[in-house]
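Enquirer:
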Amino acid sequence: LPKDPRTLLGTNRIIHQPVSCGSGKYVYLGIQSTFNDYAAILNEDTTSCVTSIKVGINTDGLLLFRSSTVTFWPILMKLLDINSTILLIGIYCGSEKTVVEIFLSEFVREVQSLQNSGIQFSGKKIPFILSFIICDAPAKSLIKSTEHHNDYFSWHYCEVEDQYLNTISFPQTDALRRSNSSFRTKRNPEHHTGTSILEQLEFSDLVDCMPLDYMHLMCLGNPNI
Numbered sequence: 018l019p020k021d022p023r024t025l026l027g028t029n030r031i032i033h034q035p036v037s038c039g040s041g042k043y044v045y046l047g048i049q050s051t052f053n054d055y056a057a058i059l060n061e062d063t064t065s066c067v068t069s070i071k072v073g074i075n076t077d078g079l080l081l082f083r084s085s086t087v088t089f090w091p092i093l094m095k096l097l098d099i100n101s102t103i104l105l106i107g108i109y110c111g112s113e114k115t116v117v118e119i120f121l122s123e124f125v126r127e128v129q130s131l132q133n134s135g136i137q138f139s140g141k142k143i144p145f146i147l148s149f150i151i152c153d154a155p156a157k158s159l160i161k162s163t164e165h166h167n168d169y170f171s172w173h174y175c176e177v178e179d180q181y182l183n184t185i186s187f188p189q190t191d192a193l194r195r196s197n198s199s200f201r202t203k204r205n206p207e208h209h210t211g212t213s214i215l216e217q218l219e220f221s222d223l224v225d226c227m228p229l230d231y232m233h234l235m236c237l238g239n240p241n242i
């Protein structure tokens, strides 16, 4: 047996240096690099039928301690066609919310490259598809640069103004539906607080690819959807 357990376990020797991101630090591990590590443990029966890589992405804030404001903001990935475990591709740690433009900049650049050129797999390039980005309502508003979920004009799927009926409600049933085009052109300017860095992903639909958060909506009964 080797003297060092890292040899036995095949521990990755590459050290990723964190970069400053607002009040905290951020490390981006990468989609291709993380995928390569995971693909190395797959058996041939699993990999032989793969013709494209479809991924789902999630990000959200996680408070580490009750007595502290320090939070983690991971970027998580799941390979949908391969039914993978949840893979970490980036993480921020700081005492305040992450600066989205820095936090997502490397992720956006890599997704752009993979959407254009494909992802390397088994010695060849195959199509890379970003199927969805799923977040709870506060995180979705943050990364899309839109109104907070309890503000007016906050609904992500229709151009409708909220009304307060004991709680924030959307009583209108015939509101104009948002589309990828209307979101990018800011047809409903009251919905936007700025320009999201995600708008650089030209092949992604920023309305339909960001579905409701099933966990908070159905499993936890949390209205922050």
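Numbering of the sequence shown is given in my numbering, commencing with residue 18 and proceeding in unit increments.
Glycine included, every Cβ here is placed at the ideal spot set by N, Cα and C.
Could you give the residue range of the beta strand (DSSP E) that holds I104?
Expert: Position check: residue 104 holds Leu in this sequence, whereas Ile was assumed. L104 to G111 is the extent of the beta strand (DSSP E) around L104.
Enquirer: Consult DSSP for R194 and reduce its assignment to one of helix, strand or coil.
Expert: DSSP places R194 in strand when its eight states are reduced to three.
Enquirer: From this set, G111, K95 and I185, which residue's C-alpha is nearest L105's C-alpha?
Expert: Checked all of G111, K95 and I185; the closest Cα to L105 is K95.
Enquirer: Based on DSSP bridge pairs, tell me the residues matched to T88.
Expert: BP columns for T88 point to L80 and G111.
Enquirer: Just the C-alpha distance for N167 and F220, rounded to the nearest angstrom, thanks.
Expert: Their Cα atoms are separated by approximately 29 Å.
Enquirer: Please go through the same chain and pick out, in chain order, the residues whose beta-carbon is closer than 8 Å to the beta-carbon of C125, but skip the five residues on each side of it.
Expert: Looking at the sequence shown, residue 125 is not Cys but Val. So the list reads I214, L215, Q217 and L218, once near-sequence residues are dropped.
Enquirer: Which residue or residues does DSSP assign as beta-bridge partners of S199?
Expert: S199 is not bridged to any residue.
Enquirer: Hey, is the segment 103-118 in contact with the segment 26-33, meaning 3+ C-beta pairs nearer than 8 Å?
Expert: With the cut-off at 8 Å, the segment 103-118 and the segment 26-33 do not touch.
Enquirer: Expressed to the nearest angstrom, what Euclidean distance is found between the alpha-carbon atoms of D179 and G211?
Expert: D179 and G211: Cα-Cα distance of roughly 20 Å.
Enquirer: Please report how far the alpha carbon of I108 lies from the alpha carbon of L223, in whole angstroms.
Expert: Roughly 22 Å between the two C-alpha positions.
Enquirer: Give the DSSP bridge partners of Q129, in chain order.
Expert: DSSP, once it has assigned bridges, lists no residue as partnering Q129.
Enquirer: Comparing C-alpha positions only, which one of L97, I103, L229 and H209 sits nearest to S69?
Expert: Nearest of L97, I103, L229 and H209 to S69, Cα basis: L97.
Enquirer: To the nearest angstrom, how far is the alpha carbon of D230 from that of K20?
Expert: In a straight line, the C-alpha of D230 is about 47 Å away from that of K20.
Enquirer: Who pairs with G73 in a beta bridge, going by DSSP?
Expert: Bridge partners of G73: K95 and F149.
Enquirer: I'd like to know if the segment 60-79 and the segment 120-140 are in contact, where contact means that at least 3 CB-CB pairs between them fall below 8 Å.
Expert: Segments in contact, yes.
Enquirer: Rounded to the nearest angstrom, what separates G203 and S162 at their Cα positions?
Expert: Residue identity differs from the one stated: residue 203 is Lys in this sequence, not Gly. Rounded to the nearest angstrom, the two C-alpha atoms are 11 Å apart.
Enquirer: Do A156 and D77 have their C-beta atoms within less than 7 Å of each other?
Expert: The answer is yes: Cβ separation under 7 Å.
Enquirer: What did DSSP end up calling E176 once you bin it into helix, strand or coil?
Expert: If DSSP states are grouped into helix, strand and coil, E176 belongs with the strands.
Enquirer: According to DSSP, what are the bridge partners of G41?
Expert: C38.
Enquirer: From N205 to L193, what does the alpha carbon distance come to, in whole angstroms?
Expert: Each residue's Cα considered, the two are about 10 Å apart.
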